[in-house]
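Number of protein chains: 2
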Amino acid sequence: MPVSKKEASPCPIDAMLSVVDGRWKGTILWRLSNGPLRTSELRRSIPEMTERMLIRHLQELVRDGILVRRQESSVPPCVRYSISKYGWTLVPVLEVICTWGRNHLRRTGPACRIVSG
Amino acid sequence: MPVSKKEASPCPIDAMLSVVDGRWKGTILWRLSNGPLRTSELRRSIPEMTERMLIRHLQELVRDGILVRRQESSVPPCVRYSISKYGWTLVPVLEVICTWGRNHLRRTGPACRIVSG
DNA sequence: GTTCGTACTGACAAAGTTGTCAGTGGAGGA
DNA sequence: TCCTCCACTGACAACTTTGTCAGTACGAAC
């Protein structure tokens, strides 16, 4: 069940976009850029997102090497997601994207609720 | 008939991605970053893309203010698309995306055919 | 006078993404 | 005992995006 639509593309732009693309991936990465979070913490911090989609996106980000999944073998289970070393190379790119997007919103839409809020 | 899926989102990352997202938008922008092109020139330069999709993406990019459409009132019609002044602010962002993507492909996939080719 | 090229539109099918719902197993609380 | 929490899976419906096909108007080439 892939979440990102693109099959492997040889275009670097597509390749990059396929990593962050997905309805909630950007948001998830912003949340995690403040430090590791448990699955349920992430879910509660993005109430519009369903648990199903969260988990699907998390799995893809882990597959792409952007996130690390760490599980404490306890009951109830405790799984913590964090941005991997490789994932951190993506963060400055997201910042550039965000800067442009913020400016773009000033032309068209309302202020941001996710990043500056 | 929207091509980009996202309704207006207050998140700047989503806002930026909604502009470049779409199966062929990145490629179209790369082509046009070398100078204006006619519709048919663009179509021929990206043979995997159908004319229908090209036109839909072009219209969205014009709507978003990224491209400018200039029509010479001649027969047969001659329409030329170019990157707008505002659109040029997007190009450095695409370059950052491209750089990361190229590196990402080195971890996983083959070399690029669209940008470096 | 039939076909080609140009830049498009509309209707619709196919494919891809997201959302909904139910269910897993075991600890802990009422 | 029943219910909740935790992190997840599977089946499938709903929606979005992409692709296919036909058709428009006009002139020019053959």
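Quick mapping for you: the protein sequence lines, in order, are chains D and X.
Number 150 marks the last residue of the first sequence (the numbering used here); no jumps.
Number 150 marks the last residue of the second sequence (the numbering used here); no jumps.
Glycine included, every Cβ here is placed at the ideal spot set by N, Cα and C.
{"Item": "Using only CA atoms, which one of X/68, X/75, X/55, X/56 lies nearest to residue 121 of chain X?", "Value": "X/68"}
{"Item": "So with CB distances below 9 Å, who are the chain X contacts of residue 113 of chain D?", "Value": "Those do not exist, as residue 113 of chain D stays about 23 Å from chain X at its closest Cβ, beyond 9 Å."}
{"Item": "Expressed to the nearest angstrom, what Euclidean distance is found between the alpha-carbon atoms of residue 123 of chain X and residue 50 of chain X?", "Value": "11 Å"}
{"Item": "Is any beta-carbon of chain D found at less than 8 Å from that of residue 102 of chain X?", "Value": "no"}
{"Item": "Can you tell me the Cα-Cα spacing of residue 145 of chain X and residue 63 of chain X, whole angstroms?", "Value": "In this prediction, residue 145 of chain X has a pLDDT of 42, which is less than 50 and means its spatial position is unreliable; nothing more can be read from the coordinates."}
{"Item": "Give me whichever residues DSSP pairs with residue 104 of chain D in a beta bridge.", "Value": "D/112"}
{"Item": "Over the uninterrupted alpha helix (DSSP H) stretch that includes residue 133 of chain D, give me the two end residues.", "Value": "124-141"}
{"Item": "Applying the criterion that 16 or more other CB atoms from any shown protein chain within 10 Å of the CB defines a buried residue, is residue 60 of chain D buried or exposed?", "Value": "buried"}
{"Item": "How is the alpha helix (DSSP H) around residue 54 of chain D delimited, first residue to last?", "Value": "Residue 54 of chain D -> no alpha helix (DSSP H), and no H or E assigned at all."}
{"Item": "For the putative contact between residue 116 of chain D and residue 42 of chain D, defined by C-beta atoms under 8 Å, what is the C-beta separation to the nearest angstrom?", "Value": "Their Cβ separation, rounded to whole angstroms, is 24 Å, which puts residue 116 of chain D and residue 42 of chain D out of contact at 8 Å."}
{"Item": "Specify, as a first and last residue, the run of the alpha helix (DSSP H) that residue 72 of chain X falls within.", "Value": "72-78"}
{"Item": "Starting from residue 81 of chain X, trace the alpha helix (DSSP H) in both directions and tell me its first and last residue.", "Value": "Taken as a continuous stretch (DSSP letters only), residue 81 of chain X belongs to no alpha helix (DSSP H), as it is neither H nor E."}
{"Item": "What are the boundary residues of the alpha helix (DSSP H) that includes residue 61 of chain D?", "Value": "58-65"}
{"Item": "Compare the beta carbon distance of residue 99 of chain D and residue 52 of chain D with 8 Å and say whether it is the shorter of the two.", "Value": "yes"}
{"Item": "Looking at the structure shown, is residue 88 of chain X part of a helix, part of a strand, or coil, going by DSSP?", "Value": "helix"}
{"Item": "In chain order, what residues of the same chain have a beta carbon less than 8 Å from the beta carbon of residue 87 of chain X, not counting five sequence neighbours either side?", "Value": "57, 61, 72, 75, 76, 79"}
{"Item": "Please report the straight-line C-alpha distance between residue 48 of chain D and residue 114 of chain D, rounded to a whole angstrom.", "Value": "23 Å"}
{"Item": "Figure out for me which residue from D/137, D/45, D/46 has the closest Cα to the Cα of residue 96 of chain X.", "Value": "D/137"}
{"Item": "Is it buried or exposed, residue 84 of chain X, if we count other Cβ atoms within 10 angstroms and call 16 or more buried?", "Value": "exposed"}
{"Item": "Kindly say whether residue 146 of chain D, judged by its beta-carbon, lies nearer than 8 Å to any beta-carbon of chain X.", "Value": "Confidence in residue 146 of chain D is poor, its pLDDT being 42 and thus under 50, which makes the residue's placement unreliable; the coordinate value appears in the next sentence. Cβ-Cβ to chain X under 8 Å: yes for residue 146 of chain D."}
{"Item": "From the beta carbon of residue 34 of chain D, is the nearest beta carbon of chain X less than 8 Å away?", "Value": "Low per-residue confidence applies at residue 34 of chain D: pLDDT is 40, beneath 50, and the placement is therefore not dependable, though the value from the model is reported in the following sentence. Residue 34 of chain D does not count as touching chain X."}
{"Item": "Would you grab the beta carbon distance between residue 135 of chain D and residue 45 of chain X for me? Rounded to a whole angstrom, and I think it's under 8 Å.", "Value": "4 Å"}
{"Item": "Drop a sphere of 10 angstroms on the beta-carbon of residue 81 of chain X, count the other beta-carbons inside from all chains shown, and report buried for 16 or more, exposed for fewer.", "Value": "exposed"}
{"Item": "Quick check on residue 93 of chain D: buried or exposed, where buried means 16 or more other Cβ atoms within 10 Å of its Cβ?", "Value": "buried"}
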